[in-house]
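A.B. asks: Below is the structure I would like to discuss, written out as structure tokens.
Protein chains in written order, with the working numbering: chain A, 490 to 655; chain B, 135 to 255.
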């Protein structure tokens, strides 16, 4: 996998995943663009839906409603050949500071995380920090076990895709 | 091979079926600790904590080392593998996601440059 990726420009900027504590997941990555551009890609539904679900995931976003402003709401509906019915994720934007910070809740259950994403611009590049805080350790385990299921298979598909391109 | 894996999984699930043992693993994920420390932290007798650590040790989730009268506990090979595998799965998901975001960001950036050039002409 690393060999396949080395040729893409994206490989220069590493994605770092850390389990900061038993209730927190932190993902960081630097993008070669000013913060307002990264923020735009994150906050406009027509752009967001093009990257949030990796192509390899086999899932599709049936609908993607986002009202990215403080107090606004979001609702994503996913479908997958393996699901009996579509799955919906929804919540509220607690805080939106354009080009700097977005905080939202996940309200599918009372065990949902509070997510904070920050955009820090420095010399034309932007450090994105994605931080999820779960109410309990069990909630984190459950949410993340679900999201990571079947990933090896999905990433095999991604590998094929990348190999085909290079 | 299959049997070996199943036995190992059984031991792991049995070890993880108890809230105190899961707590001990979390604790050891942060720092190593002696059995005495763990017993105090979880309001337990030494004997009780020794039993829990024994179960975790048989599942290779914990290793212990005795120096003098103190037995120090650390995360074992199996727990570290689990942790590493967990991180790797999420790193793969987020790498794929952020690679896709990167493509869009690059596209927006070049579009902005073109628009700016057009305006200045």
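We put the CB at the ideal spot given by N, CA and C, even for glycine.
Mind pulling the chain B residues with CB within less than 8 Å of residue 526/A?
C.D. replies: Neighbours of residue 526/A on chain B, chain order: 239, 242, 243 and 246.
A.B. asks: So what does DSSP say about residue 230/B, is it helix, strand or coil?
C.D. replies: The answer is helix: DSSP assigns residue 230/B an H, G or I state.
A.B. asks: If you measure from the beta carbon of residue 573/A to each beta carbon in chain B, is any gap under 7 Å?
C.D. replies: Not an interface residue.
A.B. asks: Got a sec? Which residues, its chain only, sit under 8 Å from residue 196/B by beta carbon, not counting five neighbours each side?
C.D. replies: Excluding sequence neighbours, residue 196/B sits near 158, 159, 162, 187, 190, 207, 208, 209, 210 and 213.
A.B. asks: Measuring only between beta-carbons, confirm whether residue 539/A sits less than 7 Å from chain B.
C.D. replies: Taking Cβ atoms only, chain B reaches closer than 7 Å to residue 539/A, which makes this a yes.
A.B. asks: Of all the CB atoms in chain A, is at least one closer than 7 Å to the CB of residue 252/B?
C.D. replies: Output row for residue 252/B: interface = no.
A.B. asks: At the level of alpha carbons, what is the spacing between residue 641/A and residue 235/B?
C.D. replies: Confidence in residue 641/A is poor, its pLDDT being 43 and thus under 50, which makes the residue's placement too unreliable to answer from.
A.B. asks: Please list, in chain order, the chain A residues whose beta carbon lies closer than 8 Å to that of residue 160/B.
C.D. replies: Near residue 160/B (Cβ distances below 8 Å), the residues of chain A are 511 and 626.
A.B. asks: Which residue marks the beginning of the beta strand (DSSP E) containing residue 551/A, and which one marks its end?
C.D. replies: Residue 551/A -> beta strand (DSSP E) spans 549–555.
A.B. asks: For a quick check, are the C-beta atoms of residue 553/A and residue 567/A less than 7 Å apart?
C.D. replies: For residue 553/A and residue 567/A, no; Cβs fall outside 7 Å.
A.B. asks: Would you call the segment 586–596 of chain A and the segment 604–622 of chain A in contact, with 3 or more CB pairs under 8 Å?
C.D. replies: The segment 586–596 of chain A, when compared against the segment 604–622 of chain A, does touch it at the 8 Å Cβ threshold.
A.B. asks: Nearest by alpha-carbon distance to residue 555/A: which of 518/A, 537/A, 584/A and 503/A is it?
C.D. replies: When only C-alpha atoms are compared, the closest one is 537/A.
A.B. asks: Which residues in chain A sit within 7 Å of residue 229/B, going by Cβ to Cβ distance?
C.D. replies: The contacting residues are 504.
A.B. asks: Taking the beta strand (DSSP E) that residue 593/A belongs to, which residues open and close that run?
C.D. replies: From DSSP, the beta strand (DSSP E) with residue 593/A extends over 590–594.
A.B. asks: Mind checking whether residue 509/A and residue 516/A have CB atoms under 7 Å apart?
C.D. replies: Contact flag unset, no.
A.B. asks: Taking residue 603/A as the reference, give the member of 614/A, 616/A and 629/A with the closest Cα.
C.D. replies: Of the listed residues, the one whose Cα sits closest to residue 603/A is 629/A.
A.B. asks: Using three-state DSSP, classify residue 273/B as helix, strand or coil.
C.D. replies: Any question about residue 273/B goes unanswered here, given that chain B covers just 135 to 255.
A.B. asks: Between the alpha carbons of residue 239/B and residue 219/B, how many angstroms are there, rounded?
C.D. replies: One C-alpha to the other measures close to 30 Å.
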